[in-house]
Amino acid sequence: MNNIDKQISKFIKKGGKRIRLNVFIENLLVSLIVALSISSMASILGLFIPIYNLFEICFIIFAISISIYIFVYLYKLRPDNKKVALKLDSKGLNERLITSLELINKDDNISNAQKEDTIEVIREIKISKITPFHIKRKNLYSLIAILTVLIIILCIPTTAKNQAREIRKMKKFNKEVIEKIKDEKKDTKGSEELLEDDKLDIVKELDKSIDEIKKSKSKLDTEKALNKLEKKLDNIEKNLDSVDSKKKIQNILKKLNLNKEQTSEKLAILNKIAKELSKIDKMKELSEAINSQDGDKIKEALDKLGEDLKNLKDEDKEEISNNLENISANIADENLKGALSSAAASISSGNIDLSKLQNALISLNKDSINADNGDNKNGTGAQNNQSGNGTNGQGNGNGNGIGNRMGNGSGSGNGSGWDTGNKENGEGKLNSGEKVFLPNRGTGADENLKGNISEGGNSQSITTENGVNIAGDSIDYEKIIHEYSNSEIVGLKNKSIPKSLQDLIKKYFEELK
Amino acid sequence: MEINKQLIEDTVEKINKCEIEISKGIIGQKDVIRKVLIGILCGGNILLEGVPGLGKTQLVKTISKVLKLSFSRIQFTPDLMPADAVGTNLIVKDKEETKFKFEQGPIFANLVLADEINRATPKTQSALLEAMQEKTVTVGRTTYNLPNPFMVLATQNPIEMEGTYPLPEAQMDRFLFKLKVDFPSLNELKDIMDITVTNNNVDLKDILTGEDILAMRSIVREVPMAEAVKEYALKLILATHPESEYSNDFVKKYVEVGASPRGAQGLFNGSKVEAILKGRLNVAFEDINDIAYAVLRHRIFLNFEAVSEGITTDMVIKEVIKSLKVI
Chain F
119 MNNIDKQISK FIKKGGKRIR LNVFIENLLV SLIVALSISS MASILGLFIP IYNLFEICFI
179 IFAISISIYI FVYLYKLRPD NKKVALKLDS KGLNERLITS LELINKDDNI SNAQKEDTIE
239 VIREIKISKI TPFHIKRKNL YSLIAILTVL IIILCIPTTA KNQAREIRKM KKFNKEVIEK
299 IKDEKKDTKG SEELLEDDKL DIVKELDKSI DEIKKSKSKL DTEKALNKLE KKLDNIEKNL
359 DSVDSKKKIQ NILKKLNLNK EQTSEKLAIL NKIAKELSKI DKMKELSEAI NSQDGDKIKE
419 ALDKLGEDLK NLKDEDKEEI SNNLENISAN IADENLKGAL SSAAASISSG NIDLSKLQNA
479 LISLNKDSIN ADNGDNKNGT GAQNNQSGNG TNGQGNGNGN GIGNRMGNGS GSGNGSGWDT
539 GNKENGEGKL NSGEKVFLPN RGTGADENLK GNISEGGNSQ SITTENGVNI AGDSIDYEKI
599 IHEYSNSEIV GLKNKSIPKS LQDLIKKYFE ELK
Chain P
1107 MEINKQLIED TVEKINKCEI EISKGIIGQK DVIRKVLIGI LCGGNILLEG VPGLGKTQLV
1167 KTISKVLKLS FSRIQFTPDL MPADAVGTNL IVKDKEETKF KFEQGPIFAN LVLADEINRA
1227 TPKTQSALLE AMQEKTVTVG RTTYNLPNPF MVLATQNPIE MEGTYPLPEA QMDRFLFKLK
1287 VDFPSLNELK DIMDITVTNN NVDLKDILTG EDILAMRSIV REVPMAEAVK EYALKLILAT
1347 HPESEYSNDF VKKYVEVGAS PRGAQGLFNG SKVEAILKGR LNVAFEDIND IAYAVLRHRI
1407 FLNFEAVSEG ITTDMVIKEV IKSLKVI
C-alpha cells in the first residue's frame, strides 16, 4: 500500500468512526422506541390483569431488544468500509472515495490519476463538517412521548395492580419459605443427632412441603402447607426417643415459623387504620376500640357509630364519607378497603350499613391476634355468632365459633379461620383468614371435636363447640409496647413530673411505638 | 499511450473548445451540443428529434466543420432506395473487359447526416442497420468497411407524421442517444436572427481531427467505475422492465418493454465521458442520472394506457431514478 492508498484508507477510517456512531445511535433510538412500545403494551395489560412481575417483564423486554439490536447492528447494520465510502461520497465527493477504495493496491496510470484526484479533493474536506453527529428529532420526540406514556401508565392505580402487588409479595414470601426449608433440609441431611430413618422422614416431609408451596396460589396456601409441615414434624418428634433429636426438630420448627410476618403485617394495617380514624371526631371511639384489639369493643363502637351517624346532618355525613374514602384509598388490604368504601357509600347515601366494615375489622383483628397467639399454640381468639357450612376448609377448633368445616385435619396452632360457606344474617362473614384445626394438641380435648382425625390428609367434617380457651404465654412485642406506651403517656398527666421531663418521657414512648 | 491527469485535462480542454466553436454556429442548445459531443466520443449514433427549423441539420453540419471530418448528407424521402445511401455496383466498360465496380454511396463518410430519417421506407431505413452497428456495408457478396470514426446523426420530425415510417425498435436501439431539440428562448432567437438574417458570417475553426476523436475514445474507456456505480446503472436498466423486481409501480403500470442491454452499454460509455467532461476521473451516480434520459428515452416502449394518459418516457425515467436507492 503506497502513501496515496494510506491517505485514502485513513480518511475512510476516520469518517467511518463518526458514521458508525451515528448509525448506532440512530438505530438504538428506534430499538428503544420498540422496547418502550412493547413495555407500554405490557403495562396497559397490567392495568386490567394482575401481572405480578411487570417490572421484570419490562426489564426483560428492554434487555432482549437491546441484545437483538446489538446483534443486528454488528451483523447487518454496521456500515462496512464500502458503505462508509459511499456515505462520504454522498457529501459532495461524487463517488471518488468508493472508486479509490476499489483501486487501492492498483498501480496503473489511470488508477493513480484517479486516486490523486481523490486526495486533492479530500484535502479540502473536514470530516467533522460533512459527518456531524445528529439524532433524528422525530425519533427523539417519539421516544420521549412513549416514555411519558409508560410512566403515566405505571402510575395509574388499579385493582389489578394491587392484586399484582399482593401476588408479588406472596411469591417473595414463598421463595423465602422454600429457601428456609431447603436450608433445613440440607441441615437435616448433615445432622448427627438424627437417625438415618428419621432424617429420611423429615426430608420427605420437607420435600412434600416444598412441592405444596410451589403449587400454592395464595399466601394462605403457603401457610397451610407450613402448618401441615409443622404438624408432621410434631408427629415425628413425638416418636423420637433422643432428647437431642427432639431438640433438633424443635429447632427446625422454630426456624420455619414464618407466621410472625403475617401477624405484624395485619397488625400494621390495624394500627394504620386506627391512626387514620383517630383524626375524625366521630371515629375516635372506634379508633380506640381498634387499638384495644378487642372484637367486642369494636362491635360496640361500630354500633354506636351507626346510631350517631343517623342523627348527623347530610354535610357531616358527606364529610365522614369522604374521609373514609380517603382512608380506603391508602389501605392495601383488599377486604378492608372494600368494606371502608362500602361504609363510605352507605353513609353518603343515608342508608347506614356498617356491617361489612364491622366484619372486616373484627376479622382482621382476630387474624392478627390468632396468628400472634398461634406461636404459643394456645388460642385466645373468639369468633362470635358464626354459623354456616364451609367446604374444603381447614380449621382450628380453639375458638367459640360454631361451624361445619371440612378439610385436612392436620393443622397446627391457632391460626386464622377460613370459611367459604354461607353465613346467616350477614354475620360472621369471613373473607379471608383460615382456622387451622389441630387435633392431638394436648392442650385441647379431642372430645370437644366431632369428627375423625385424618392422618392421611383426607378431608373430614368436624363441628366444634365451645373450644377450650387457654391464655397464651407470650404476647407480641408490638402489641404490648403499643398498649404500654399509650398507658404510660396517658398516666403522665396524673404524675407529678416536671413538664420538660414529661415531654422527654412522652417522646421516648412515642419513639418506642 | 500513457494516460495521466495532464492528458485528460488536455482532452477536456479540447472538447470544451469544440463546444465553444460549435456554439458560434448554433445558438443555444448547449445541452444538445454537449450530448452530441459525448455521443461522438462514445462512438455512437445520435437521433435528433425536433420540430422543423430548430437547426438540427445546421447543428450536424457545424459539428462536421469543427471536427474536421468527412461529411455527407442523405435527405430521406419515401422513394429513396438503399442503394442510394450505401452505394451500388455499376457495370464499367474497360478497354479489355466489362466489369462491376462498386460505387460508394454517401454513407461512406465519417459523419453522416440522415435527414428526416422517418420519411424513408423501412427497407431503406434498414439499410442503415449494418452501417450503424457494424460500421460496415455489404453490397452483393462484398462487405466494405466504413471510415473510422463513423457516426450517423439522424433527424426526425415528431409532428408531421403523415407519410412517415416510424423507425422500428431494432433500429431505434442502434442509436446511442435520442436528443430532443427544444425551441430556443427569446435571447437565443435574437442571436439566431443576428447570424441568419444579416450578412454576418461565422468562421468556424477545426478543433478536432478523426485521430483525436479515436484517441479520446480510448482514454474515455479507461475511466474507472466503482462496483456500486456499475450496479446502480444496471439496476436502472432493470428498473425500466415492468416484470423486474427493481421496477416501481409507475413502470409496472405504463411500460410495455424496457431498455435493452445496449442501453446499459450506452449508460456506461456515456457516463464515463460525462465524468471526464466534469473534470473527474471516476463515474458518479449523477453522471448516470444525467445521461440516462438521452440513453433510455428511445429504448423504453410505453403501453396504450401511457399514451392515452400523455405519459412520456422522460416521465418514466424520472420516476425510475427517484425510486432507485443509491446507498
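Sequences listed follow chains F and P, in order. Position one of the first sequence corresponds to residue 119 (the numbering used here), numbered consecutively onward. Position one of the second sequence corresponds to residue 1107 (the numbering used here), numbered consecutively onward. Backbone N, C-alpha and C fix where the C-beta goes; we use that ideal spot for every residue, glycine too. Being a predicted model, the structure only gives us computed values, none of them experimental.
Query, Result
"Closer than 8 Å at the beta carbon, the chain F residues around ILE1114 (chain P)", "ALA231"
"ASP471 (chain F) - DSSP class collapsed to helix/strand/coil", "coil"
"Amino acids of chain P, ordered along the chain, whose beta-carbon sits closer than 7 Å to that of ASN212 (chain F)", "ARG1386, ALA1390, GLU1392"
"Assigned secondary structure, ARG196 (chain F) (DSSP; H/G/I helix, E/B strand, else coil)", "coil"
"Cut-off 6 Å between Cβ atoms - residues of its own chain near ASP305 (chain F), not counting five sequence neighbours on either side", "none"
"Pair within 8 Å by beta-carbon distance, LEU154 (chain F) and LEU324 (chain F)", "no"
"Residue nearest to LEU192 (chain F) in terms of C-alpha spacing, selected from F:LYS289, F:LEU475, F:ASN145, F:MET401", "F:ASN145"
"Helix, strand or coil at PHE173 (chain F) according to DSSP, with G and I counted as helix", "helix"
"Chain P contacts made by the stretch 186–216 of chain F, where a contact means CB separation under 8 Å", "LYS200, LYS201, LEU204, LYS205, ASP207, SER208, ASN212, GLU213, ARG214, ILE216"
"Helix, strand or coil at GLN232 (chain F) according to DSSP, with G and I counted as helix", "helix"
"Residue burial classification, TYR1338 (chain P) (beta-carbon count within 10 angstroms, cutoff 16)", "buried"
"Under 8 Å between C-beta atoms of LEU161 (chain F) and ILE262 (chain F)", "Sequence check: residue 161 (chain F) is Ser here, not Leu. No; because the gap between Cβ atoms is not below 8 Å, this pair is not in contact."
"Sequence-distant residues of the same chain with beta carbon closer than 7 Å to ILE299 (chain F), five excluded per side", "LEU324, SER327, ILE328, LEU374"
"Of the listed residues P:ALA1365, P:LYS1336, P:LYS1120, nearest to GLY1347 (chain P) (C-alpha basis)", "Note on identity: in this sequence residue 1347 (chain P) is His, with Gly being the wrong assignment. Ranking the options by Cα distance to HIS1347 (chain P), first place goes to P:ALA1365."
"For SER1178 (chain P), the residue or residues it bridges with in DSSP", "P:VAL1218"
"LEU268 (chain F) beta carbon less than 8 Å from that of SER158 (chain F)", "yes"
"Proximal residues of chain P, C-beta to C-beta of ILE228 (chain F) below 9 Å", "ILE1109, ASN1110, ILE1114, ILE1325, GLU1328, VAL1329, PRO1330, LEU1387"
"Burial state of TYR1262 (chain P), where buried means 16 or more other Cβ atoms lie within 10 Å", "Before going on, a small fix: residue 1262 (chain P) reads as Gln here, not Tyr. Buried, because 16 or more other Cβ atoms sit within 10 Å of the Cβ of GLN1262 (chain P)."
"Candidates F:ALA447, F:ASN469, F:LYS390: closest to ASN429 (chain F) by CA position", "F:ASN469"
"Meets three-Cβ-pair contact criterion under 8 Å: the stretch 1245–1252 of chain P and the stretch 1205–1218 of chain P", "yes"
"DSSP-derived helix/strand/coil call for PHE1281 (chain P)", "strand"
"Within chain F, partners of GLU1333 (chain P) - CB distance below 7 Å", "GLU220"
"Inside the stretch 1299–1387 of chain P only - beta strand (DSSP E) runs reaching at least 3 residues", "1361–1363"
"Simplified DSSP assignment, three categories, for ASN1195 (chain P)", "strand"
"Exposed unless 16 or more other CB atoms sit within 10 angstroms - verdict on TYR602 (chain F)", "exposed"
"Within-8 Å CB hit, MET1421 (chain P) to chain F", "no"
"Closer than 7 Å: PRO1184 (chain P) CB and nearest the ligand GTP heavy atom", "Here there are no bound small molecules, and the ligand GTP is not part of this structure."
"Contacts that GLU234 (chain F) makes with chain P (C-beta to C-beta distance below 7 Å)", "LYS1111"
"Min CB distance VAL1379 (chain P) to chain F below 8 Å", "no"
"Closer than 8 Å to chain F by CB, VAL1432 (chain P)", "yes"
"Inter-residue Cα distance where the pair is ILE599 (chain F) and TYR626 (chain F)", "12 Å"
"Member of F:LEU388, F:ILE465, F:ILE445 whose CA lies at the smallest distance from the CA of GLU433 (chain F)", "F:ILE465"
"Proximity winner among P:VAL1379, P:ARG1280, P:ILE1298, relative to ILE1325 (chain P) (alpha-carbon distances)", "P:VAL1379"
"Local conformation of LEU1408 (chain P) per DSSP, three classes", "strand"
"C-alpha gap between LEU1175 (chain P) and SER246 (chain F), whole angstroms", "52 Å"
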